Ligand code: BGC
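In the working numbering, the protein residues as written are 50 to 823.
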């Protein structure tokens, strides 16, 4: 994006020189008083010039860092811009909107979009953390707050949720999604969409959602962002597409095409994806926007001959709106510069153009923009500073953390413990407000985030002397595309400083009664354009951890990061490990709550956690090989290393213990299309209230295709008091038992015996079976 921004900066005024559409004076457009959308859209279409239609398909970035309203106002007035993204100031939004609805010929409002990914003013845990909560209702609540805060400033459209399945943690964008599993990710996708849009995206506090990146972006070769994805049809239908389908079923209003090529055809010009799957198979009625400059990328990919050909291919494949960086960047504005001519020459038909424009206008009508285009600036502060938002951010952070290890029940720490008068809080993430937030935190007040150090200090008060040492510094070797939005990080330490700070941290630990180390990654180390070649803890963090651990003090490791990292050493040497991800603005308080038992951890991993990068790709729902890993004498697939993960999918501890028993099916034999209930008892066998996520996995033993050894097909997060027992009910029916078969090139349900497991992660042992008969 940095290069892209530099390019636009050089030529930012460029589109002002585009040809001006013929002016017709219309004082009050006839659509204003109509009530039905169709009529109103028809009316407008009938009045629009080709250029004005093309304008509706043109979306531009607006970077406050180097743009002023004057730069886009002429284009808006002339009907050349249909949508802007990245404007977050309500005053500017209203100012630009006023130009559109009062000064442009047809008075068509602008649609303002932004990446409201995990909060706007109030930052919530990153989406991977949200998924770790296994609590779709909570995700829905968070996104409804995020929507209300964005909507308050006039943003009516979010580029979320990202529903890309990610099975390679080197890919930095794993942080933006729900992890590796299609079932969990589908439940999350629907929850995000409901949260953003509510029952009606035009209702107060709601925005239009945009599922992205359609499709297969998470399968980037080698985890390298933007790299080609090669996905067999079986994997596409059974793994990568279901979360998109779930978002469509939840009513998502828009979709974003992905940057990369899928099986050699760029997603942005991919008629199979955009037309056959999305519209024909799924009946999607919303509109599709490209990712930034992705239409122009059709040339870069060696797919389109030139920009005009790119515009032709994208539009005819089903891509409605083009997202471009401002100015005349070589890749951007393919629609703005070529579509008019393509229509005039008859290469693109008027019907094809109208179909795309219709979908954009429909969205604007559905959002109520024609009737209610402005933000109420007087309400912004009240909406943003609603204390409920911070309260939920804290609960959400607590519920999304995953306790990975707790040897000897070192956690929770005890407030007022007479043996503890001093605590060392150590590590490059310990005193960072910025890194609590995570990727795409671009419109909040960073200073309002609570660091771990602050959270712990507030929690323990004056009773414990809490001291801090950074101990190690970490940095990307190559810049981030987001650097332009942030103050630069402090310069890297010199070798001498590195040694001194390291020693300072170790001696602080030596003189303290308890040590909390906060290690992991900066926020810009995951997210877009943030691929890591290894999963190592950046910098000298592991060395520092080892040195501190050798002191033999009670030691807790808190991880702040956007991807699973290689913590194999810690997993056998550090007694307590808490995965906090980037927990959001209330992260520091929530971590302190968990450390001191004011909240009980209950999050579960939405990804299989590898022991090292060498195991990638690793995911639980793989097919059996001739040496099944569940067999008694199975050792490893490697001769030098275990092939089991460090932590399985679905894993996470609590401060209590749980027992699963009495797994049964209501109907041991069913016909295709019928359902059975699966019941299991879950009991809190510990001494305190705690959360457990009951998980249901199945395996089809045989049939028309080899099916995964296990597949998640149900889950429920429970809070149980000590000694409490609850029966959890799941339903398994056609939706859970069908799969897309390469043999028949379609969805099938095989007659077969199915294994069922219920338990607390993907290695659950409690099992039964049922059978589907012809
Ligand atoms: C990202 C999208 C994002 C868009 C707008 C792109 O670079 O891939 O996910 O929505 O920028 O910010």
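Idealized CB from N, CA, C, for every residue including glycine. Treat the numbers as computed from the prediction; the structure is a model and nothing was measured.
Quick check on residue 697: does DSSP put it in helix, strand or coil?
coil
Three-state class that DSSP yields for residue 709 in the structure shown
strand
Is it buried or exposed, residue 610, if we count other Cβ atoms within 10 angstroms and call 16 or more buried?
Looking at its Cβ environment, which holds 16 or more other Cβ atoms inside 10 Å, residue 610 is buried.
Contact with chain B by residue 621, beta-carbon distance below 8 angstroms:
Among the chains in the structure shown there is no chain B, since it carries only a single protein chain.
Can you give me the C-alpha to C-alpha distance between residue 263 and residue 316, rounded to a whole angstrom?
7 angstroms
On the DSSP letters alone, give me the boundaries of the beta strand (DSSP E) that residue 413 sits inside.
From DSSP, residue 413 is part of no beta strand (DSSP E) but of the alpha helix (DSSP H) over 399-415.
What is the residue span of the beta strand (DSSP E) that residue 730 lies within?
725-733
Count the other CB atoms, across all protein chains shown, that sit within 10 Å of the CB of residue 458; report buried if there are 16 or more and exposed otherwise.
Exposure of residue 458 is indicated by the presence of fewer than 16 other C-beta atoms within 10 angstroms of its C-beta.
Does DSSP put residue 788 in a helix, in a strand, or in coil?
strand
What are the partner residues of residue 372, as DSSP defines its beta bridges?
108
Grouping DSSP H, G and I as helix and E and B as strand, with all else coil, what is residue 220?
It is coil, neither helix nor strand.
Nearest to residue 590 by alpha carbon, out of 557, 452, 145 and 547?
Here the closest residue by C-alpha is 547.
Which listed residue (384, 201, 134 and 91) has its alpha carbon closest to that of residue 107:
384
Measuring straight from C-alpha to C-alpha, what distance separates residue 700 and residue 533?
In a straight line, the C-alpha of residue 700 is about 37 angstroms away from that of residue 533.
Identify which residue in 173, 148, 288 and 485 has its Cα closest to the Cα of residue 608.
485
At least 3 beta-carbon pairs within less than 8 angstroms: the region 643-657 vs the region 201-213
no
Proximity test, residue 109 beta-carbon vs the ligand BGC heavy atom, cut-off 7 angstroms:
No; taking the cut-off as 7 angstroms, the Cβ of residue 109 has no heavy atom of the ligand BGC nearer than that.
Using a Cβ-Cβ cut-off of 6 angstroms (strictly less than) and excluding sequence neighbours within five positions of residue 102, which residues of its own chain qualify?
402 and 406
Look at the Cβ atom of residue 759, then the Cβ atom of residue 669, and state whether they are nearer than 8 angstroms.
yes
Can you list every residue whose CB sits closer than 5 angstroms to some heavy atom of the ligand BGC, going in chain order?
164, 208, 340 and 341
So for residue 117, helix, strand or coil by DSSP?
The answer is coil: DSSP assigns residue 117 none of H, G, I, E or B.
Can you tell me whether residue 287 is helix, strand or coil according to DSSP?
helix
In this structure, how does DSSP classify residue 574 when only helix, strand and coil are distinguished?
helix
So, for residue 605: in the same chain, excluding its five sequence neighbours on each side, which residues have a beta-carbon less than 6 angstroms away from its beta-carbon?
565 and 625
Out of 195, 784, 156 and 159, state which residue places its alpha-carbon closest to the alpha-carbon of residue 175.
195
Could you tell me which of 100, 724, 113 and 653 sits nearest to residue 140, measuring between CA atoms?
113
Could you give the C-beta distance for residue 477 and residue 519, rounded to a whole number, given that I count them as a contact under 8 angstroms?
6 angstroms
Spatial neighbours of residue 181 in its chain, beta-carbon cut-off 6 angstroms, leaving aside the 5 residues before and after:
Cβ neighbours of residue 181 beyond the five flanking positions: 449, 451, 652 and 655.
For the beta strand (DSSP E) containing residue 608, name the first residue and the last one.
Counting along the chain, the beta strand (DSSP E) containing residue 608 begins and ends at 604-609.
Which first and last residues belong to the alpha helix (DSSP H) in which residue 812 is found?
Neither: residue 812 is in no alpha helix (DSSP H) and is coded neither H nor E.
Under the assumption that residue 122 contacts residue 150 (Cβ atoms under 8 angstroms), give the Cβ distance between them as a whole number of angstroms.
The distance from the Cβ of residue 122 to that of residue 150 is about 13 angstroms, inconsistent with a contact at the 8 angstroms cut-off.
Buried/exposed call for residue 733, threshold 16 Cβ in 10 Å:
buried
Any contact of the region 768-785 with the region 750-759, i.e. 3+ C-beta pairs under 8 angstroms?
no
Which residues in the same chain have their Cβ closer than 8 angstroms to the Cβ of residue 291, if we skip the five residues on either side of it in sequence?
231, 232, 234 and 235
Is it the case that the region 458-477 contacts the region 501-519, given that we only count it when at least three CB pairs across the two stretches are under 8 angstroms?
yes
Ends of the beta strand (DSSP E) at residue 500?
Neither: residue 500 is in no beta strand (DSSP E) and is coded neither H nor E.
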